[in-house]
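*Asks:* Protein chains in written order, with my numbering: chain E, 3 to 502; chain A, 14 to 171; chain P, -13 to 418. Backbone N, C-alpha and C define an ideal beta-carbon position, used for all residues, glycine too.
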Amino acid sequence: MAIDMTFPEFQIERDRDKCIDCQVCARQCSNQAHFYDEEEGIVVSDDSKCVNCLRCVTLCPTKALTIKKHDMEFKLNANWNETAIKEIYKQAATGGMLLTGMGNDRNYPIFWDHILLNASQVTNPSIDPLREPIELKTFLGSKPERVLIENGRLAEPLPPQLELEIPVMFSAMSFGSISLNACKTLAMTASAIGTMYNTGEGGLHKDLYKYGKNTIVQVASGRFGVHPEYLNAGAAIEIKMGQGAKPGIGGHLPGEKVGAEVSSTRMIPLGTDAISPAPHHDIYSIEDLKQLIYALKEATEYRKPVSVKIAAVHNIAAICSGIARAGADIIAIDGYRGGTGSAPTRIRDNVGIPIELALAAVDSRLREEGIRNRVSLVCGGSIRNSADIIKAVALGADAVYVASAALIAMGCHMCQKCYTGKCNWGIATQDPNLVKRLNPEIGTRRLKNLLNAWSHEMKEMLGGMGINAIESLRGNRLMLRGIGLMDNELRVLGIKAAGE
Amino acid sequence: MAELKTTIKHKKIMAKEEFCAGCRLCEVHCVLAHSKYRNDIVKAFKKIYPRPLPRIIVEEQKPISFGIQCRHCEDPACVKACITGAMSKDPETGIVTNDENRCIGCWTCMMSCPYGVIVQDVKGGHIASKCDFCIDNGMDPACVKNCPNEALFVVDQE
Amino acid sequence: MKYVIIGNSTAAVAAAEAIRTADREGLMTIISDEPHHTYSRPLISYYLFGRTDENKMKYRGADFYEKNGIIPMLGNKVVGIDASAKLVILENGTHINYEKLLIATGSRPAIPPIKGLQRNNVFNFIKLDDARLIEKYAVKGSKAVVIGASFSGLKAVECLVERGVSVTTVDIADRLMPRLLDASSSLMVEKVLADRKVRVILQTSVVSIEGGKGPDSDAESVIIRSADGRQETLPCDFAVVATGVAPNIGFLANSGVKTNRGILVDDKMATNIKDIYAAGDVAEVFDHYSSKNAVIATIPSAFEQGEAAGLSMAGLDRKYRSSPVINSMPLFDITVMGAGITESLLGTETIIRQKTGNGVTKDSYMKFVLAENHLVGYLFVNEASRAGIYTDIIRNRIDIAPFRENLGSDEFGFLSMPSSVRQGMLYAGIET
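1. Check whether chain A comes within 8 Å of Gln30/E, counting only Cβ atoms and requiring the distance to be less than that.
2. Let's see if you can read the secondary structure: which residues bound the alpha helix (DSSP H) around Thr(-4)/P?
3. Using a C-beta cutoff of 8 Å, does Cys43/A count as contacting chain P?
4. Using beta carbons (cut-off 8 Å, strictly below), is Glu15/E in contact with chain A?
5. Sorted by chain position, which residues of the same chain lie with C-beta nearer than 8 Å to Phe12/E's C-beta, five sequence neighbours on each side aside?
6. Quick one: Cα of Pro98/P to Cα of Asn234/P, how far?
7. Put Glu16/A into one of helix, strand or coil per three-state DSSP.
8. From Leu103/P, Lys141/P, Gly127/P, pick the residue whose C-alpha is nearest to that of Ala420/P; which is it?
9. From Gly261/E to Ala86/E, what does the alpha carbon distance come to, in whole angstroms?
10. Count the C-beta pairs between the stretch -9 to -1 of chain P and the stretch 8 to 24 of chain P that are closer than 8 Å, then say yes if the count reaches three, no if not.
11. Going by the DSSP bridge assignment, what does Ser437/P pair with across the sheet?
12. Mind pulling the chain E residues with CB within less than 9 Å of Arg37/A?
13. Mind pulling the chain A residues with CB within less than 7 Å of Lys42/P?
14. Closer than 9 Å, Cβ to any Cβ of chain P: which residues of the stretch 124 to 137 of chain A, in chain order?
15. In the structure shown, what three-state DSSP assignment does Asn111/A receive?
16. Going by C-alpha distance, which of Asp157/P, Ala414/P, Phe366/P, Met352/P is nearest Asn382/P?
17. How would you call Leu485/E, buried or exposed, if buried means at least 16 neighbouring beta carbons within 10 angstroms?
18. So Lys254/P and Ser309/P are supposed to be a Cβ contact under 8 Å. How far apart are they, rounded?
19. Pull out every residue of the stretch 306 to 330 of chain P whose Cβ sits closer than 7 Å to any Cβ of chain A, in chain order.
20. So Thr140/E and Lys450/E are in contact, right, with Cβ under 8 Å, and what is the actual spacing, rounded?
21. Using a 10 Å radius around the Cβ and a threshold of 16 neighbouring Cβ atoms, would you call Ser26/P buried or exposed?
22. Please state the DSSP three-state secondary structure of Leu114/P.
23. Taking three-plus beta-carbon pairs below 8 Å as touching, is the stretch 343 to 353 of chain P in contact with the stretch 286 to 296 of chain P?
24. Any chance the stretch 44 to 52 of chain P sits against the stretch 62 to 75 of chain P, with 3 or more Cβ pairs inside 8 Å?
25. Could you tell me which whole alpha helix (DSSP H) segments of length 4 or greater appear in the stretch 229 to 303 of chain E?
26. Counting beta carbon pairs with one atom in the stretch 4 to 11 of chain P and one in the stretch 50 to 60 of chain A, are three or more of them shorter than 8 Å?
27. Buried or exposed: which applies to Asp145/A, given that a residue is buried once 16 or more other Cβ atoms fall within 10 Å of its Cβ?
28. What does a CB cutoff of less than 7 Å around Leu292/E pick up in its chain, not counting 5 residues either side in sequence?
29. With DSSP as the reference, label Cys160/A as helix, strand or coil.
30. Keeping to the same chain, check which residues put their C-beta closer than 7 Å to that of Ala35/E; ignore five residues upstream and five downstream.
31. List the whole-angstrom C-beta distance separating Gly105/E from Gly341/E, where the pair is believed to meet the contact cut-off of C-beta under 8 Å.
32. Could you tell me whether the Cβ of Thr121/A comes closer than 8 Å to any Cβ of chain P?
33. Shorter than 8 Å from the beta carbon of Ala94/A to some beta carbon of chain P?
34. Checking the sheet assignment: what are the DSSP bridge partners for Tyr403/E?
35. Under 8 Å, do Leu87/P and Ile262/P count as touching if we go by C-beta distance?
36. Inspect the CB distances between the stretch 23 to 35 of chain A and the stretch 80 to 96 of chain A and report whether three or more fall short of 8 Å.
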C-alpha cells in the first residue's frame, strides 16, 4: 500500500467540557469528519477529512468546536513552503491535475486596497444622504452618439437598456455548479432589489422563468439550455467568451452533479459530464463574434441588450475595442480573482490580470477611440465591499458583478471545495440532502440585507465626495488617488499618487 | 337546535420538510427547554441522568426529514383516551398537556394519537411525554426559535 | 332541560362535559351506586401497588361537579326506570324525574359457575372498594390465586406481585388474554410472569373454592382440573375472580329498554325509548370495523360514546361512529397493545415482524392484520413508538398497498408513506 505523505490541513479541536455529544456535527458534516462512536457514546473527529467549512462550528449548540490550521509544520522554508510540497505529494499520488474552487487566493497585490477616495470639505460641500436623495440608478446598454430631441421628446428610440436600482448585479453562476436553492435566492433578491442575476452556462430552470425580467441569460461555448424560449425569457443575453478564474479553458461539470433537474435544464443526458469547450466552435474571429451578436439580436427582435463577457488578460483594451465595434451593448470584464465552481489550480492562480488594471485600461482606450458610449462596462473578479464598487465606478465601470460576495452572504465559508459537490451550506452542491440546507427565504433576506447595506455605504461615500448621482462618478479618475503604487501602475490606472 | 360554542385558539407547530436539514437541534433545544437548567445547556445535558427525552420526533429517510410534534388538536384523541384524566386541553390557551403527577404510563394515548407524537418516557418516571408548546417558556416554542434553517413555524388557526 | 345520568365513570363524565359545551343552563344530576368522586376504574391495580392514591385517581378535579353545575347523588343505587312517567327509581324509594336520561352504568363482573365464590376472601377486581378489601389480605408472603388471565386478571397479578404476594393464575384458554393475544405474544407475556415467579396454569378450569366449614368462611384452597382431567389443589390465603365483565343491565328488567348483551343504541346513542340514551360499557353499538354489534368495554370508546350521547341529548345532530378498539396494557416491563381486529380471521392476511432484543432494546413482536389493502388490526408487544399512526391507518382505511413493506419497520412514520398520502394526513384542513 502506498504511503500517504500528506498530513491534514486542519485540526478539529473539541472542548470536551462543553461538548454534549448531541451529534449535530456528525449529522451535518458531508465529509464525515465527525462521527458518533456508539460503543463509547461520544462524538469523535477525523482531522484528515475536515475542509474548514465551519458548518459544525456554526451549528454546535455549545460552541465546543474550533477549527484551526493544523499545528503540524514542515521545516520552515520560504521557497518550499507547505503548499508547494503538499501539491507535489498529491500529484505524485494521483497523477492528476490539481483542482480547486472559488477565486485566486494567492498573495498578489489587491489594487482596490491601494486606491483612496476623495471627500469634499471646503470648496465643494459634501452631501448628507439622509437629507438629500443620492441616485444610484444605472442604465446598462449602448448609448447613442448624441441625443436628438424634437418637440421635447426623443427623436430616435434609444437602444435597449437594462435598468438597475443599484450598480451591482449578480455574476454568472450556473445551475449545476450551484444548487437550485442558491439560484432561487439570487433570482428572488435581484427581483426584490431591482437588479439582475445571471444564469451562467447552466440554462434557466423552469421554476425561475417567472423572474425573467431580472435575468441575464448566458450563451456559453457549450450552448447548454439554449433555445428560443430561453433567449427571450431574460432581460438581456450574455455571450460568455471567457471567465476570470480560468481564462482560455472551458467549463467542466462532473457527471455526479448532473442530476435530473440539471440534465433537463441543460438539455444533456443524465449523469454525463457537461464539458464546455474552450472556444465557441463557431467563433474563431472578431467577425464571427459580431455575427453571433447580431444573430442573437435578430432572434430577440433587437429588444434586449447583448453583453459579451471576457476574462481580463493581456491586451484587454484592444480586445474590448474590437468587441465594442462588433455590436455588443455591454462588455463584462472578469478579473483573475474571479470565482468558479471548479478550475485547475494552476490556471486559476497564474492566468489573467487584475480587474482594477484591466478596467482602467479598457475605459481609457474606449474613451481615447471615442467609442466609450457604445458599450456599458461591467467588471467583476473580487468585488468584496462597497468601497471596491465605488472605486470600480470611478475607474470607469458602469456597474459591477458580484458572485463570491453573494455566496458568502448565503453562508459560503470559502473552503474552496466546491468541485467536490459536498458543500455543507447547500450552495455548491446537487446532493438533495445538502441543497435543502439553503432556505431561499433566509438566503434572500441576507442577500437583500447585504445589498441594502452596501447601498447606504455607497451613498455615504458619494455624498462625501459631493456627488449626488453615481453617473457623475463614472470614470471620474480625479476622485481617486493611489497609495503604495509604482509609477507604471499609477499610469495604467490613470490616477495620481496620494499627495499629488 | 343548540349551537356548539368554542373559543379555543388552535396554535400548531408545523414543519417545512423541504428545509429540514436533519440536524436535530430542535431535539437539543426541546430537552434544554424542559430541563431544570433551562439556561445552561451544558449542565442540562451533563448533570441530569437519565437525559430527558425530546418531545419532538424527527423523521428521516434521506434526503427528506422533518420534525413533528403534538398538534394540540381541536378534538384531541389522547384526551378522550386517557384513562386517568391526566391529559387535558386548556380552554384558554388550547394547549394539550399531560399532568405528569397523574399519568401512570398506560400508553393508551400513544395508540390514539394519529400523529404518533407521544413518547414513552420509561426511564424518567414511566410516563407519557409530549410537546407542551413550551407552556413554561412563555409559549415561545424552543424548537421553532432555534431551527437554523427556519424549517419549523407556528400556525395560528383562529 | 333536566338531564339525568346514571353512572359516574368515563361515559358519564364525557356526556356531562359534552352537554355543557352546548347547554350551560340545563339542570344535571349524576346518580352512582358507588360513593366516590368520579375515578378511573383501571387505576385500582395501580392503587394497590402504590403508584397512585385516592386523590390522584380522581378522573376529574375535585371541583368537577360544582364547576359543571352537576348535582352528584353518590352512593345511590338505581333499581328501575319508569319510562312512561320519566322517572328513575332508587333503592331507597326515591323517584328522580328526568327529561333526558343517559344510562352509563358500565360493567359488572361476570359470575363464573364456580362453587365457593361467596366466601369472604374471594374478591372481584373491578372497582375501588374491591381493591380496598384486597388490601388487607394482600400482604407480603401471602398466597393468592387469580382466576381468569384476562386484562384485569393480569393487572391484578401484577399489583399483587409488587406487594410481595405469591401468585398463581389459572385460565381455561390455551393462552393469556385469549381475545387479545395470539400464541407467540402470549408466550412472551408468560415468560415475563415466570420471571416474576408467577405460576401460570392454562387450559385448566376451576372446580371449586374450598375452605372452612360454613359457606361464608374463608377460602383456603382452589381446586382446579386440567383439560386432561388431572386435578390439583392450590392453597391460598385469598382469591381474585377476573373472568370477564358484562353490561350492568339487571335493573332494566321491567323498563321496556331493549337490550341484547348490552343496551341497544342507534348512531345517536338513543335507545328504543324516546329520551333515553345509553353509552359506555353498558351499551351495544354497531362496530364499523367488525361490521356487527358489539359491546366495546374500553375507556376511549366509552368516552366517544358518552360524548356523542351528550351532544345528542343536548339537541345537536352528531352521529356516533365507532373508532378502532384500542387496548394498551403495560405489565411489569412488557407493553402489550392491540387495536382493531387482532385475530387472523377468514379473509384476512397477517404480517409478522419479530425482533430479538440487543440488550438495550427488548424482544418485540408485531402482528399486522390486513384485509385486502387495508389494515384492520395490529398487535404489538414491546413496540409502542408511533402506534397511533397505525390506529389512524385503520380508522381512515388508508390504502397500504404503496407501503406495505414498511409496516413495522424500525423507523416507521409518515416518511414511510408516499408523499401524497403523507401530505393528506399531515396537512388536511390546515391553511399555512
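*Replies:* To lay it out plainly:
1. yes
2. -4 to 8
3. no
4. no
5. Asp49, Cys52, Val53, Asn54, Ile69, Lys70, Lys71, His72
6. 16 Å
7. Interpretation of Glu16/A is limited by its pLDDT of 44, a score under 50 that renders its predicted location unreliable; the figure taken from the coordinates is listed afterwards. DSSP places Glu16/A in coil when its eight states are reduced to three.
8. Residue 420/P lies beyond the residue range present for chain P, which begins at -13 and ends at 418; the question has no answer from this structure.
9. 36 Å
10. yes
11. Since the first residue shown for chain P is -13 and the last is 418, residue 437/P is missing from the structure and cannot be characterised.
12. Cys24, Gln25, Val26, Arg29
13. Asn114, Arg115
14. Met124, Ser125, Cys126, Pro127, Tyr128, Gly129, Val130, Ile131, Val132, Gln133, Val135
15. strand
16. Ala414/P
17. The sequence given here has Ile at residue 485/E, not Leu. It counts as exposed.
18. With 8 Å as the limit, Lys254/P and Ser309/P do not qualify as a contact, their Cβ atoms being about 17 Å apart.
19. Ile312, Ser314, Pro316, Thr321, Met323, Ala325
20. Incorrect: roughly 18 Å between the Cβ atoms, too far for contact.
21. buried
22. helix
23. no
24. no
25. 230 to 235, 262 to 268, 288 to 301
26. no
27. buried
28. One detail in the question is off: residue 292/E reads as Lys in this sequence, not Leu. If we look at Lys292/E and ignore the five residues flanking it on each side, its Cβ neighbours are Ala328, Gly329.
29. coil
30. Ile14, Ser47, Asp48, Lys51, Cys52
31. 4 Å
32. yes
33. yes
34. Met171/E
35. yes
36. yes
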